[in-house]
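Residues in the sequence shown are numbered consecutively from 71, following the numbering used here. Presented below is the structure to which this report refers.
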Amino acid sequence: MGITASLIDEQFVVISVYEGSPASQVGILEGDIILAVDGVTTEGMSFAELIARVRGEEGTSVNLGILHQDSSEPVEIAVMRAEIDVPSVYSEMIGEIAYIAIDQFSEDTDEEFSRILKGVIDNGADGIVLDLRNNLGGMLQTLLNVTSCFYSEGNILTVKENDETIKKYDANRQSVTTDLPLVVLVNGYSASASEALAGALQDHDRALIAGTTTYGKGSVNVMFELPSGGGLYLTTARWYTPDGNLIEGIGITPDFQTDLQGDELVQWAVDYLNDNIS
(Lines of atoms letter the chains of each structure in order from A and count residues from 1; the text may use other names and numbers.)
(Lines give C-alpha, C1' and ligand atoms only; values in the text may rest on other atoms or scores of the structure.)
Protein backbone atom coordinates (compact mmCIF):
# COMPACT_ATOMS: atom_id res chain seq x y z
CA MET A 1 0.00 0.00 0.00
CA GLY A 2 2.94 2.29 0.66
CA ILE A 3 2.56 4.04 4.01
CA THR A 4 4.24 4.07 7.39
CA ALA A 5 1.96 4.68 10.36
CA SER A 6 2.38 4.98 14.11
CA LEU A 7 0.03 4.85 17.10
CA ILE A 8 0.21 8.33 18.61
CA ASP A 9 -2.13 9.53 21.37
CA GLU A 10 -4.37 6.51 20.69
CA GLN A 11 -4.72 7.41 17.00
CA PHE A 12 -3.10 5.80 13.96
CA VAL A 13 -1.20 8.59 12.23
CA VAL A 14 0.35 8.31 8.77
CA ILE A 15 4.04 9.17 9.20
CA SER A 16 5.18 8.81 5.61
CA VAL A 17 3.78 7.95 2.18
CA TYR A 18 6.08 6.34 -0.37
CA GLU A 19 6.27 8.21 -3.66
CA GLY A 20 4.50 6.40 -6.47
CA SER A 21 2.76 3.96 -4.12
CA PRO A 22 -0.98 3.14 -4.31
CA ALA A 23 -1.53 5.25 -1.18
CA SER A 24 0.13 8.31 -2.73
CA GLN A 25 -1.88 7.89 -5.92
CA VAL A 26 -5.22 8.12 -4.09
CA GLY A 27 -4.29 11.16 -2.01
CA ILE A 28 -3.28 9.79 1.39
CA LEU A 29 -0.95 12.30 3.05
CA GLU A 30 1.52 12.51 5.90
CA GLY A 31 -0.33 13.48 9.07
CA ASP A 32 -3.59 11.80 8.04
CA ILE A 33 -5.41 9.84 10.76
CA ILE A 34 -6.70 6.35 9.95
CA LEU A 35 -10.15 6.17 11.54
CA ALA A 36 -11.46 2.91 10.07
CA VAL A 37 -10.50 -0.11 7.97
CA ASP A 38 -13.26 -1.60 5.81
CA GLY A 39 -15.85 0.03 8.03
CA VAL A 40 -14.32 -1.17 11.31
CA THR A 41 -13.29 1.66 13.63
CA THR A 42 -9.64 1.76 14.67
CA GLU A 43 -10.58 3.07 18.12
CA GLY A 44 -9.14 0.63 20.65
CA MET A 45 -7.52 -1.41 17.87
CA SER A 46 -4.00 -2.75 18.40
CA PHE A 47 -1.29 -2.03 15.86
CA ALA A 48 -1.07 -5.73 15.03
CA GLU A 49 -4.80 -5.84 14.28
CA LEU A 50 -4.55 -2.75 12.08
CA ILE A 51 -1.79 -4.38 10.03
CA ALA A 52 -3.73 -7.63 9.76
CA ARG A 53 -6.81 -5.81 8.47
CA VAL A 54 -4.91 -3.64 6.01
CA ARG A 55 -2.86 -6.46 4.52
CA GLY A 56 -4.37 -8.78 1.95
CA GLU A 57 -3.99 -10.32 -1.46
CA GLU A 58 -2.16 -8.22 -4.02
CA GLY A 59 -4.58 -6.61 -6.45
CA THR A 60 -7.44 -6.37 -3.96
CA SER A 61 -8.45 -3.11 -2.30
CA VAL A 62 -9.01 -1.95 1.26
CA ASN A 63 -11.27 0.95 2.27
CA LEU A 64 -9.73 3.35 4.76
CA GLY A 65 -11.58 5.99 6.74
CA ILE A 66 -9.20 8.95 6.62
CA LEU A 67 -9.20 12.32 8.37
CA HIS A 68 -6.93 14.81 6.62
CA GLN A 69 -5.08 17.34 8.77
CA ASP A 70 -6.84 20.30 7.17
CA SER A 71 -10.35 18.82 7.39
CA SER A 72 -13.00 18.19 10.02
CA GLU A 73 -14.88 15.63 7.93
CA PRO A 74 -13.47 12.12 7.36
CA VAL A 75 -13.42 10.59 3.89
CA GLU A 76 -13.39 6.99 2.72
CA ILE A 77 -10.55 6.10 0.36
CA ALA A 78 -10.10 2.80 -1.47
CA VAL A 79 -6.44 1.76 -1.69
CA MET A 80 -5.16 -1.03 -3.92
CA ARG A 81 -3.00 -3.60 -2.16
CA ALA A 82 0.37 -4.09 -3.85
CA GLU A 83 3.79 -5.48 -3.05
CA ILE A 84 6.16 -2.56 -2.64
CA ASP A 85 9.94 -2.85 -2.47
CA VAL A 86 11.19 0.35 -0.89
CA PRO A 87 14.89 0.83 -0.06
CA SER A 88 15.39 1.94 3.53
CA VAL A 89 18.30 4.25 2.65
CA TYR A 90 18.29 7.08 0.11
CA SER A 91 21.11 9.44 -0.84
CA GLU A 92 21.98 12.33 -3.11
CA MET A 93 24.78 14.87 -3.40
CA ILE A 94 23.91 18.51 -2.73
CA GLY A 95 27.01 20.25 -3.98
CA GLU A 96 29.85 18.76 -1.95
CA ILE A 97 27.57 17.61 0.87
CA ALA A 98 26.06 14.13 0.94
CA TYR A 99 22.43 13.84 1.99
CA ILE A 100 21.53 10.40 3.37
CA ALA A 101 18.04 9.51 4.65
CA ILE A 102 17.38 6.34 6.64
CA ASP A 103 13.69 5.42 6.59
CA GLN A 104 13.93 2.52 9.05
CA PHE A 105 16.43 0.09 10.58
CA SER A 106 15.44 -3.09 8.78
CA GLU A 107 17.47 -6.28 8.39
CA ASP A 108 19.32 -5.03 5.31
CA THR A 109 19.60 -1.33 6.19
CA ASP A 110 23.17 -1.58 7.49
CA GLU A 111 24.34 -3.18 4.23
CA GLU A 112 22.48 -0.56 2.18
CA PHE A 113 23.98 2.20 4.31
CA SER A 114 27.51 0.79 4.03
CA ARG A 115 27.31 0.71 0.23
CA ILE A 116 25.98 4.26 0.08
CA LEU A 117 28.55 5.54 2.57
CA LYS A 118 31.38 4.06 0.49
CA GLY A 119 30.02 5.84 -2.57
CA VAL A 120 29.82 9.10 -0.65
CA ILE A 121 33.44 8.77 0.46
CA ASP A 122 34.61 7.79 -3.03
CA ASN A 123 32.83 10.85 -4.46
CA GLY A 124 34.85 13.11 -2.16
CA ALA A 125 32.01 14.51 -0.06
CA ASP A 126 32.98 17.23 2.42
CA GLY A 127 30.24 16.42 4.95
CA ILE A 128 27.07 14.42 5.57
CA VAL A 129 23.49 15.35 6.41
CA LEU A 130 21.88 12.26 7.98
CA ASP A 131 18.09 12.48 7.94
CA LEU A 132 16.32 10.41 10.62
CA ARG A 133 13.03 12.30 10.51
CA ASN A 134 9.97 10.02 10.51
CA ASN A 135 12.21 7.01 11.21
CA LEU A 136 10.28 4.91 13.73
CA GLY A 137 13.19 2.58 14.52
CA GLY A 138 13.83 -1.08 13.83
CA MET A 139 16.38 -3.77 14.59
CA LEU A 140 18.96 -3.33 17.37
CA GLN A 141 21.87 -4.98 15.54
CA THR A 142 21.25 -2.81 12.48
CA LEU A 143 21.34 0.27 14.71
CA LEU A 144 24.66 -0.83 16.23
CA ASN A 145 26.23 -1.48 12.83
CA VAL A 146 25.13 1.85 11.36
CA THR A 147 26.28 3.81 14.41
CA SER A 148 29.66 2.06 14.32
CA CYS A 149 30.29 3.58 10.89
CA PHE A 150 30.65 6.96 12.60
CA TYR A 151 32.89 6.05 15.54
CA SER A 152 34.87 2.87 16.19
CA GLU A 153 35.18 2.84 19.99
CA GLY A 154 32.86 3.58 22.88
CA ASN A 155 29.34 2.93 24.04
CA ILE A 156 26.31 3.22 21.78
CA LEU A 157 23.47 2.15 24.03
CA THR A 158 22.87 0.81 27.53
CA VAL A 159 19.81 -1.32 28.32
CA LYS A 160 18.67 -1.53 31.95
CA GLU A 161 16.26 -4.33 32.80
CA ASN A 162 13.67 -4.06 35.56
CA ASP A 163 15.67 -6.59 37.59
CA GLU A 164 18.63 -4.14 37.50
CA THR A 165 20.51 -6.20 34.91
CA ILE A 166 22.57 -3.87 32.74
CA LYS A 167 23.80 -4.62 29.21
CA LYS A 168 26.06 -2.26 27.34
CA TYR A 169 26.28 -2.22 23.55
CA ASP A 170 29.50 -0.76 22.17
CA ALA A 171 30.76 0.17 18.72
CA ASN A 172 31.94 -2.70 16.55
CA ARG A 173 34.33 -2.96 13.61
CA GLN A 174 32.86 -1.95 10.25
CA SER A 175 34.44 -2.20 6.81
CA VAL A 176 33.35 1.33 5.87
CA THR A 177 33.71 4.19 8.35
CA THR A 178 33.85 7.97 8.18
CA ASP A 179 34.93 10.95 10.25
CA LEU A 180 33.32 13.48 7.92
CA PRO A 181 31.49 16.40 9.60
CA LEU A 182 27.93 15.36 10.34
CA VAL A 183 24.52 16.96 10.93
CA VAL A 184 21.65 14.69 12.00
CA LEU A 185 18.04 15.74 11.37
CA VAL A 186 15.29 14.55 13.75
CA ASN A 187 11.65 15.31 14.54
CA GLY A 188 8.81 14.17 16.75
CA TYR A 189 8.40 11.03 14.65
CA SER A 190 12.03 9.94 15.12
CA ALA A 191 11.65 7.04 17.53
CA SER A 192 13.39 4.07 19.13
CA ALA A 193 16.53 3.10 17.18
CA SER A 194 16.72 6.46 15.41
CA GLU A 195 16.70 8.19 18.81
CA ALA A 196 19.43 5.88 20.06
CA LEU A 197 21.59 6.74 17.03
CA ALA A 198 21.03 10.47 17.43
CA GLY A 199 21.69 10.28 21.18
CA ALA A 200 24.90 8.31 20.72
CA LEU A 201 26.28 10.70 18.11
CA GLN A 202 25.31 13.66 20.28
CA ASP A 203 26.92 12.29 23.44
CA HIS A 204 30.15 11.47 21.60
CA ASP A 205 30.23 14.98 20.08
CA ARG A 206 30.25 13.27 16.70
CA ALA A 207 27.38 15.25 15.17
CA LEU A 208 25.20 18.29 15.55
CA ILE A 209 21.57 17.28 16.04
CA ALA A 210 19.00 19.59 14.43
CA GLY A 211 15.21 19.69 14.35
CA THR A 212 12.62 19.09 17.07
CA THR A 213 12.65 16.86 20.15
CA THR A 214 12.26 13.20 19.24
CA TYR A 215 9.36 10.91 20.15
CA GLY A 216 10.73 9.37 23.36
CA LYS A 217 10.39 5.63 22.66
CA GLY A 218 13.25 3.94 24.45
CA SER A 219 11.84 0.86 26.14
CA VAL A 220 11.33 -2.86 25.67
CA ASN A 221 7.68 -3.87 26.04
CA VAL A 222 6.19 -7.34 26.42
CA MET A 223 2.48 -8.07 25.95
CA PHE A 224 0.82 -10.55 28.29
CA GLU A 225 -2.51 -12.03 27.18
CA LEU A 226 -5.30 -11.73 29.74
CA PRO A 227 -8.00 -14.36 30.36
CA SER A 228 -10.55 -11.90 29.01
CA GLY A 229 -8.80 -11.97 25.65
CA GLY A 230 -7.29 -8.54 26.13
CA GLY A 231 -3.64 -7.75 26.50
CA LEU A 232 -1.42 -6.00 29.04
CA TYR A 233 1.79 -4.31 27.95
CA LEU A 234 4.56 -4.20 30.54
CA THR A 235 7.83 -2.33 30.21
CA THR A 236 10.68 -4.73 30.97
CA ALA A 237 13.70 -2.58 30.10
CA ARG A 238 14.72 0.98 29.24
CA TRP A 239 17.33 2.43 26.90
CA TYR A 240 19.97 4.98 27.91
CA THR A 241 22.38 7.02 25.80
CA PRO A 242 26.17 6.80 26.40
CA ASP A 243 25.99 9.69 28.89
CA GLY A 244 23.22 7.91 30.80
CA ASN A 245 20.29 9.94 29.49
CA LEU A 246 16.92 8.16 29.51
CA ILE A 247 15.18 8.11 26.13
CA GLU A 248 11.75 6.77 27.17
CA GLY A 249 9.19 9.54 27.62
CA ILE A 250 11.83 12.25 27.15
CA GLY A 251 13.40 11.88 23.73
CA ILE A 252 16.53 13.51 22.36
CA THR A 253 16.72 17.30 22.51
CA PRO A 254 18.45 18.72 19.41
CA ASP A 255 21.49 20.96 19.71
CA PHE A 256 19.78 23.27 17.22
CA GLN A 257 16.04 23.43 17.82
CA THR A 258 14.02 24.78 14.94
CA ASP A 259 10.59 24.66 13.34
CA LEU A 260 12.14 24.39 9.88
CA GLN A 261 10.72 21.39 8.03
CA GLY A 262 11.20 19.42 4.84
CA ASP A 263 13.78 20.67 2.38
CA GLU A 264 14.24 23.93 4.31
CA LEU A 265 15.87 22.06 7.20
CA VAL A 266 17.99 20.04 4.77
CA GLN A 267 19.23 23.27 3.18
CA TRP A 268 19.98 24.74 6.62
CA ALA A 269 22.11 21.68 7.43
CA VAL A 270 23.93 21.88 4.09
CA ASP A 271 24.66 25.59 4.65
CA TYR A 272 25.82 24.89 8.21
CA LEU A 273 28.29 22.27 7.04
CA ASN A 274 29.58 24.44 4.19
CA ASP A 275 30.08 27.36 6.60
CA ASN A 276 31.88 25.28 9.22
CA ILE A 277 34.12 23.05 7.12
CA SER A 278 37.63 24.40 7.25
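Every residue gets a Cβ at the ideal spot worked out from N, C-alpha and C, and that includes glycine. If you're wondering where the values come from, they're calculated on a predicted model, not measured in any experiment.
With distance defined between alpha-carbon atoms, name the residue in L335, A152, D240, I85 nearest to V132. Indexing the sequence shown from 1 puts residue 132 at position 62. Nearest of L335, A152, D240, I85 to V132, Cα basis: A152.
For G90, count neighbouring Cβ atoms within 10 angstroms of its own Cβ and tell me buried if that reaches 16, exposed if not. Numbered from its first residue, the sequence shown carries residue 90 at position 20. By the neighbour-count rule (16 or more Cβ atoms within 10 Å), G90 is not buried but exposed.
Does D333 come out as helix, strand or coil in the three-state DSSP assignment? Counted from its first residue, the sequence shown places residue 333 at position 263. Helix.
Between the CA atoms of G286 and D341 - distance to the nearest angstrom: Sequence index remark: in the sequence shown, residue 341 carries index 271 (1-based). Sequence index remark: in the sequence shown, residue 286 carries index 216 (1-based). Spanning the two alpha carbons is a distance of roughly 28 Å.
Quick one: residues in its chain with C-beta nearer than 8 Å to the C-beta of R125, no 5 flanking neighbours on either side, listed in chain order? The sequence position of residue 125 within the sequence shown is 55, counting from 1. Excluding positions up to five away in sequence, the list reads R151.
Boundaries of the alpha helix (DSSP H) in which L271 is found, first to last residue: Here residue 271 refers to the residue found at position 201 of the sequence shown. L271 -> alpha helix (DSSP H) spans 263–273.
Can you tell me whether V216 is helix, strand or coil according to DSSP? What you label residue 216 is simply residue 146 of the sequence shown in a count that begins at 1. V216: helix per DSSP, three-state reduction.
Every unbroken alpha helix (DSSP H) within the segment 180–237, with a cutoff of 4 residues, ordered by chain: 210–217
Nearest CA to the CA of G269: which residue from E231, P324, A106? As a first step, residue 269 must be located in the sequence shown, where it is residue number 199. Out of E231, P324, A106, P324 has the C-alpha closest to the C-alpha of G269.
What did DSSP end up calling E119 once you bin it into helix, strand or coil? For the purposes of this step, residue 119 is taken as the residue at position 49 of the sequence shown. Looking at E119 - three-state DSSP - the assignment turns out to be helix.
Determine the closest residue to N257 out of L335, L105, T235, with distance taken between C-alpha atoms. In the sequence shown, the residue the question calls residue 257 occupies position 187. Comparing Cα-Cα distances from N257 to each of L335, L105, T235, the minimum goes to L335.
Identify which residue in E166, G165, T217, S260 has its Cα closest to the Cα of S184. Locating residue 184 in the sequence shown gives position 114, counting from the first residue. Selected option, being the one with the closest Cα: T217.
Can you tell which of L343, L214, V229, A266 has its C-alpha closest to the C-alpha of Q244? As a working note, residue 244 is residue 174 in the sequence shown. That would be L214, whose Cα lies nearest to the Cα of Q244.
Run through DSSP, which three-state label would N242 get? Position 172 of the sequence shown, counted from the first residue, corresponds to residue 242. Here N242 sits in coil by DSSP.
Closest residue to E223 among N204, S158, A280, R276 (Cα-Cα distance): Along the sequence shown, one-based indexing puts residue 223 at 153. The shortest C-alpha separation from E223 is found at R276.
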